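Residue numbers (my numbering): 122 to 411.
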């Protein structure tokens with residue numbers, strides 16, 4: 122007996138999307154870069170970046186411009202290798218390196234046919250995060266990027282990742298766009314047929330720590346995805362500095378301390394979220410007769 126087809130198309134993928142700074146690492150990678158350059162981070166920001174912000178510059182453009190100027194006047198230039206070294210040495214939260222295999226195991230326990238993909242959308246310079254110990258676990262990593270000279274010195278900012286820009290990449294990964302020549306495709310998510318989506322947004326989990334993530338929390342709320350906010354482990358959720366900025370339209374599925382250790386509240390939240398979406402997909406697979 123043939124089962125009737127469901128009224129919506131089936132996607133057997135789940136996407137878990139992370140911010141980087143203070144989400145996967147307790148560090149601010151920009152300040153880590155400044156320290157590696159033997160610069161006083163607070164002084165550099167107050168004397169060089171803040172005056173540009175006061176003139177109306179975008180934060181990420183101001184940071185890149187000041188770094189390029191700094192590199193031009195140094196003997197030890199700021200290069201692609203320098204950013205890579207910062208990424209290789211960056212400290213990750215406890216348990217971070219094991220979270221990917223743990224969540225894959227959670228998926229396989231529900232259905233071996235469901236795919237789990239990991240993405241990173243960061244406001245930091247992505248050539249730092251692309252060299253972190255966990256970079257190999259991500260399908261795509263997006264963030265601010267430099268153009269480099271022939272000697273690999275930073276030359277100009279090639280791409281920035283503002284708060285709103287982050288939401289564009291949620292739509293890109295949902296559509297399955299991961300190449301530069303397709304990146305500027307403009308479309309309305311609501312108008313895309315279900316069978317053309319790589320990962321529907323209600324099968325996306327987003328994890329972030331601060332103001333730059335709030336627009337993504339909103340998208341998750343609007344389309345039925347999962348939004349998880351994190352705060353420093355030694356702090357208290359009521360003291361999360363962005364709490365008052367999260368309106369009723371941006372409510373989180375959970376707000377948890379930053380630890381990816383086994384049985385931590387964050388890992389339990391991630392595991393339950395992945396399991397919930399996986400079981401929803403498995404139910405749809407049954408209606409498709411798979």
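Yeah, the Cβ is synthetic: ideal placement off N, Cα and C, and Gly gets one too. Please read these numbers as outputs of a predicted model, since none were measured by experiment.
- Task: Determine the direct distance from the alpha carbon of residue 231 to that of residue 321, and round the result to whole angstroms.
- Result: Start at 1 with the first residue of the chain shown, and residue 321 comes out as number 200. Start at 1 with the first residue of the chain shown, and residue 231 comes out as number 110. So the two alpha carbons sit approximately 19 Å from each other.
- residue 305: buried (16+ other C-beta within 10 angstroms of its C-beta) or exposed? Numbered from 1 along the chain shown, position 184 holds the residue referred to as residue 305. Only weak support exists for where residue 305 lies, its pLDDT of 49 falling under 50; the value from the coordinates is given anyway. Label assigned to residue 305: exposed.
- Query: Closest to residue 383 by CA distance: which of 227, 205 and 143 is it?
  - Reply: Locating residue 383 in the chain shown gives position 262, where the first residue counts as 1. Answer by Cα proximity: 227.
- Message: Suppose only complete runs of 4+ residues qualify. What are the alpha helix (DSSP H) ranges in the stretch 237–285, listed by chain order?
- Response: 247–250
- Task: Would you kindly report the start and end of the unbroken alpha helix (DSSP H) that includes residue 133?
- Result: What you label residue 133 is simply residue 12 of the chain shown in a count that begins at 1. No alpha helix (DSSP H) contains residue 133, which DSSP labels as neither H nor E.
- Message: Classify residue 370: buried if its beta carbon has 16 or more other beta carbons within 10 angstroms, exposed otherwise.
- Response: Indexing the chain shown from 1 puts residue 370 at position 249. Because the pLDDT of residue 370 is 49, which lies under 50, any placement of that residue in the model is unreliable, and the question is left without a value.
- Message: Can you find the residues in the same chain that come closer than 7 Å, C-beta to C-beta, to residue 180, ignoring five residues on each side of it along the sequence?
- Response: Sequence index remark: in the chain shown, residue 180 carries index 59 (1-based). Excluding sequence neighbours, residue 180 sits near 174.
- Message: Is it the case that the stretch 209–219 contacts the stretch 137–149, given that we only count it when at least three CB pairs across the two stretches are under 8 Å?
- Response: yes
- Query: Under three-state DSSP, which class holds residue 139?
  - Reply: Stepping through the chain shown from its first residue, residue 139 is reached at position 18. It is a strand residue.
- So does the stretch 395–408 actually touch the stretch 234–244, counting three or more Cβ pairs closer than 8 Å? yes
- Task: Compare the beta carbon distance of residue 140 and residue 243 with 8 Å and say whether it is the shorter of the two.
- Result: Sequence index remark: in the chain shown, residue 140 carries index 19 (1-based). Sequence index remark: in the chain shown, residue 243 carries index 122 (1-based). Taking 8 Å as the Cβ cut-off, residue 140 and residue 243 qualify as a contacting pair.
- Message: I need the DSSP call for residue 349, collapsed to helix, strand or coil.
- Response: Stepping through the chain shown from its first residue, residue 349 is reached at position 228. It is a strand residue.
- Proximity of residue 281 and residue 135 at Cβ, strictly below 8 Å: The residue labelled residue 281 in the question sits at position 160 within the chain shown. The residue labelled residue 135 in the question sits at position 14 within the chain shown. Cβ distance not < 8 Å, so residue 281 and residue 135 don't count as in contact.
- In angstroms, rounded to a whole number, what distance separates the CA positions of residue 377 and residue 385? Residue numbering aside, residue 377 sits at position 256 when the chain shown is read from its first letter. Residue numbering aside, residue 385 sits at position 264 when the chain shown is read from its first letter. Roughly 9 Å separates the two Cα atoms.
- Can you say whether residue 154 is buried or exposed, counting buried as having 16 or more other CB atoms within 10 angstroms of its CB? Numbered from 1 along the chain shown, position 33 holds the residue referred to as residue 154. Label assigned to residue 154: buried.
- Message: Just to confirm, is the Cβ distance from residue 208 to residue 250 under 8 Å?
- Response: In the chain shown, residue 208 corresponds to position 87, counting from 1. In the chain shown, residue 250 corresponds to position 129, counting from 1. Yes, Cβ-Cβ distance for residue 208 and residue 250 is below 8 Å.
- Task: Please classify residue 207: does DSSP put it in a helix, a strand, or coil?
- Result: Along the chain shown, one-based indexing puts residue 207 at 86. The answer is helix: DSSP assigns residue 207 an H, G or I state.
- Query: residue 161 to residue 253, Cα distance in whole Å?
  - Reply: Here the question's residue 161 lines up with position 40 in the chain shown. Here the question's residue 253 lines up with position 132 in the chain shown. If you take the alpha carbons of residue 161 and residue 253, they lie about 23 Å apart.
- Using the Cα positions of residue 285 and residue 189, report the straight-line distance between them to the nearest angstrom. For this step, residue 285 is matched to residue 164 along the chain shown. For this step, residue 189 is matched to residue 68 along the chain shown. Residue 285 and residue 189: Cα-Cα distance of roughly 25 Å.
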